[in-house]
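Below is one structure; the comments refer to it alone.
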Amino acid sequence: MKYQIIACLILCLGATLSIGSWHHLKQHETLVIQNEVANQSANIAKVIRVQLTEQVQSLKRMAKRWEYNNGTPFDQWHFDALNFMTYEQAYHSLAWVDRYNTIQWAAPIKQKSESKLLLNEINQYHNNALQQARTTHTVAISQSVKLAHGGKGFLVFLPLYLKGEFDGYIVGVFSFNKLLSLILENGHFDTPITMMEAGQIVYQQVPENTRIDQNMLQTKITVYGRHWEIYNWPSQSLLNKNTSMLPNMVLTFGLCISLLLSFSFYFARQVERKKVELESKNDELRQKNKEIANTQSQLVHSTKLASLGEMATGIAHELNQPLQVISMNAEMGPEYLAQNKHNRVVKAFTDIMQQVDRAQSIIKQLRCFGRDSAHDEHQTISSNELVNSSLMFLKRQFFSKNIEVRENIAPALPQIKCNKVQIEQVLLNLLVNARDAVEDCDEKVVGIKAFQKDRRLYIEVYDSGVGIAPEAMDKIFDPFFTTKEVGKGTGLGLSISHAIIEQHGGEIKVESELGKGTQFMLQLPLP
Ligand code: ADP
C-alpha cells in the first residue's frame with residue numbers, strides 16, 4: 001500500500017515538474033512576443049507622430065508663404081497643394097477656406113459637388129477646431145470625421161493671418177487609411193493594428209485569424225492635442241517565429257517519463273513483493289515435502305510391519321526348525337554322557353550352537369526389516385543374497401498353500417549398492433501379491449528370475465494368477481488402490497515399491513493378461 005502512494009507521488013512530482021517547465025517555456029515565448037509587439041507598437045506611434053508633425057510643418061510653410069506674399073496667388077497655391085499631395089500621400093484633400101467659411105480653393109477637387117462634400121466634412125468639426133485654431137493661432141486637429149469618399153480621417157486646421165487679421169485657414173484632410181497604410185508599408189510593420197479615438201475605431205487592419213484575446217498591447221499617442229490609442233497584436237509570422245514545439249515536447253516527454261518511472265517503481269516493488277511471497281510459499285512447500293517424506297517413511301514402515309504379520313507363519317516355521325534340532329540335541333545330551341559317548345556330546349553341542357546361530361541370524365534379519373530404514377545408508381551386498389533372503393521369508397507359506405515356486409537366479413550375480421531392507425520390502429510385496437493372485441487358481445505357480453545385463457540387475461516376479469484388468473493397469477501404482485477385501489489389502493504396496501525403485505535410480509514395469517498371470521520386472525543400476 002505504501003509503495004502505491006510512493007508511485008503516485010513520483011507521478012505527481014514528475015507531472016508538476018513537467019507542467020512547471022512547460023509553463024516557464026511558454027511564459028518565455030510570450031514575453032519575447034510581447035516585447036516584439038511592444039517594440040513595433042512604440043515604433044508605429046513614433047512614426048505617426050513624426051510623419052504628422054512633418055506634414056503639419058509643410059502646411060505651416062504654406063501659411064507662412066501666404067502671410068509673406070500677402071495672400072498667395074491661386075496658381076501658385078494650387079501648384080503647391082498638388083505638389084504637396086503628390087509627395088505627402090496621406091492627404092485626402094487640401095483647401096483654403098476664407099474668413100466667411102467658404103471654400104475658395106480646393107485640391108484636388110474641381111467640381112462643385114465635391115467641394116460641397118468637403119465643406120460638409122469641414123463643417124462637421126469646424127466650430128471646435130476652427131475656434132481653437134483662431135484663438136490659439138496654432139494648428140488644431142479635429143476629431144475623426146467620416147470622409148465623403150469612405151473611411152475615416154481628420155482635419156488639420158491652420159489659421160491664416162494677413163497683417164494680424166484673420167484671413168481664413170488652410171485645411172488639410174487626412175485619411176487614416178492612407179496615413180497608416182503608408183506608415184505600415186514603409187516601416188515593414190506586419191503587426192495587426194486597430195486605431196481608436198474616444199472609443200471609436202478609426203482604422204483597423206486585423207487579419208481574420210488574429211487571436212484578439214492574446215498578447216494585445218495598447219499604446220497612447222497624442223499629436224497637437226488629439227489623443228489616439230493604438231492596439232497591436234502579434235502577427236502570424238511573429239507567432240510562427242517565436243513559438244516552437246519545445247514546451248509541448250517537454251510536457252509530453254516529462255509526463256511520459258514520470259509515468260514510466262512511477263510504473264517501473266510500482267512493478268519493481270510488485271515483483272519484489274511477489275518474490276517474497278514466492279519464497280515463503282517455497283518454504284511452506286519445503287516444509288510440506290518434508291512432512292510428506294516423513295509420512296511416506298511412516299507408511300513404508302507400517303506396510304513393512306503389515307508384511308511382517310503376513311510372514312509370521314514362515315518366521316515361526318523358520319525358528320521352529322532350529323528350536324527342534326536344539327531340543328533334540330539337548331534331550332540326547334545327558335544320554336550320550338551316561339553312555340560316555342563324548343564325541344556324540346561334542347557333536348550335539350556343535351549342532352546346538354549352529355542352530356542358535358541360525359535362529360540368531362533369522363531374528364537379526366527380522367529386526368533389521370522391522371525398523372524404520374528410510375534414512376539408512378546404502379550398503380554394498382550380494383545380489384544373490386538379496387533375492388534369496390526375500391524369498392526365504394515366504395517359502396514356507398508357498399509350500400503350505402501348495403504354490404509351486406520356480407527359481408531362476410543366476411549363480412554369481414555382481415554386488416549391488418542399495419538399501420537392503422527397502423529392496424527386500426519391494427520383493428516381498430511382489431511375492432505376496434503373486435501369492436494372493438494364484439490363491440484361488442488351479443495352477444499355482446510363482447516364479448522369480450534374476451540376471452544381469454548391461455550393468456543393470458534385472459529381477460522378475462511372475463505368477464500364473466488371475467491377472468490385472470486392463471482398466472486397473474493405470475491405477476495399481478496409485479496409493480490406496482486395492483482390489484483385495486477389506487483388512488487384507490492396503491493398496492500401498494505397489495505405490496511404495498514404485499517410489500523405492502525410483503529413489504534407487506531403477507525402473508518397475510508390469511505386464512499382465514487377465515486369467516493368465518502377471519509379471520513384474522524390476523531393474524536396478526549396478527555400481
Ligand atoms: P494391495 O496388495 O494391498 O492391494 P498393492 O499396491 O500391492 O496393494 O497392489 C495393488 C493392487 O494391484 C492389488 O490390490 C491388485 O489388484 C493388483 N495386483 C498387484 N499385484 C498383482 C498380481 N501379481 N496379480 C494380480 N493383481 C495384482
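Residue numbering for the sequence shown follows full-length UniProt numbering, beginning at 1 and increasing consecutively. Where a beta carbon is used, it is the ideal one built from N, C-alpha and C, also for glycine.
Exposure of residue i, with buried meaning 16 or more beta-carbon neighbours within 10 Å
i, result
"Pro159", "buried"
"Asn429", "buried"
"Thr194", "buried"
"Leu278", "exposed"
"Tyr68", "exposed"
"Lys220", "exposed"
"Asp75", "exposed"
"Thr518", "buried"
"Gly225", "exposed"
"Phe399", "exposed"
"Gln86", "For the record, residue 86 in the displayed sequence is Thr; it is not Gln. By the neighbour-count rule (16 or more Cβ atoms within 10 Å), Thr86 is not buried but exposed."
"Gly164", "exposed"
"Pro470", "exposed"
"Thr483", "exposed"
"Val421", "buried"
"Gly20", "exposed"
"Gly505", "exposed"
Heavy atom of ligand 1 within 7 Å of residue i beta-carbon
i, result
"Thr350", "no"
"Asn429", "yes"
"Phe481", "yes"
"Leu522", "no"
"residue 537", "Since the first residue shown for the chain is 1 and the last is 527, residue 537 is missing from the structure and cannot be characterised."
"Ser464", "no"
"Ile448", "no"
"Ala434", "yes"
"Ala472", "yes"
"Lys484", "yes"
"Ala499", "no"
"Gly515", "no"
"Leu394", "no"
"Gly505", "no"
"Ile476", "yes"
"Thr380", "no"
"Thr518", "yes"
"Phe391", "The sequence given here has Leu at residue 391, not Phe. Outside the cutoff, so no."
"Leu299", "no"
"Ile468", "yes"
"Ala437", "yes"
"Leu494", "yes"
Beta carbon of residue i nearer than 8 Å to that of residue j
i, j, result
"Leu82", "Ala63", "no"
"Ile10", "Phe176", "no"
"Val387", "Ile448", "yes"
"Glu507", "Ile501", "yes"
"Leu25", "Val171", "no"
"Val37", "Leu217", "yes"
"Ser497", "Pro479", "no"
"Val56", "Val156", "yes"
"Trp233", "Thr210", "yes"
"Leu337", "Ser390", "no"
"Gly493", "Asn419", "no"
"Glu443", "Ser464", "yes"
"Ile352", "Ala316", "no"
"Pro527", "Lys417", "yes"
"Gly491", "Phe481", "yes"
Whole-number beta carbon distance between residue j and residue i, since they are thought to touch under 8 Å
i, j, result
"Leu514", "Leu457", "At roughly 30 Å, the Cβ-Cβ gap does not stay under 8 Å, so Leu514 and Leu457 are not in contact."
"Ser144", "Pro192", "No, Ser144 and Pro192 are not in contact; Cβ-Cβ is about 20 Å, not under 8 Å."
"Ala230", "Ser41", "In the sequence under discussion, the amino acid at residue 230 is Ile, which differs from the Ala named in the question. Going by Cβ atoms, the distance from Ile230 to Ser41 rounds to 6 Å, so yes, they are a contact pair."
"Lys152", "Tyr100", "Not confirmed; about 28 Å, so no contact."
"Met392", "Glu460", "In fact, because the Cβ distance is near 18 Å, the residues do not count as touching under 8 Å."
"Ser383", "Pro411", "Contact flag wrong, Cβ pair sits at about 11 Å."
"Val445", "Arg435", "Between Arg435 and Val445 the Cβ distance is about 11 Å, and since that is not below 8 Å, they are no contact."
"Ile141", "Val223", "7 Å"
"Asn215", "Ile33", "6 Å"
"Ala7", "Ser258", "With a Cβ gap of about 10 Å, Ala7 and Ser258 do not count as contacting."
"Val405", "Cys441", "Rounded, the Cβ-Cβ distance is 15 Å, inconsistent with contact."
"Leu92", "Lys178", "According to the sequence provided, residue 92 is His. The question's Leu does not apply to it. The Cβ separation is near 7 Å, so the contact holds."
"Glu197", "Trp228", "5 Å"
Runs of alpha helix (DSSP H) lying entirely within the stretch 439 to 493, each at least 4 residues, in chain order:
470 to 473
Contiguous alpha helix (DSSP H) assignments of at least 4 residues, all confined to the stretch 27 to 88:
74 to 87
For the stretch 320 to 397, which segments carrying the beta strand (DSSP E) assignment without a break, of at least 3 residues, lie completely within its bounds, in sequence order?
379 to 382
Note down, one range per segment and in chain order, each alpha helix (DSSP H) of at least 4 residues found wholly within the stretch 170 to 203.
176 to 186
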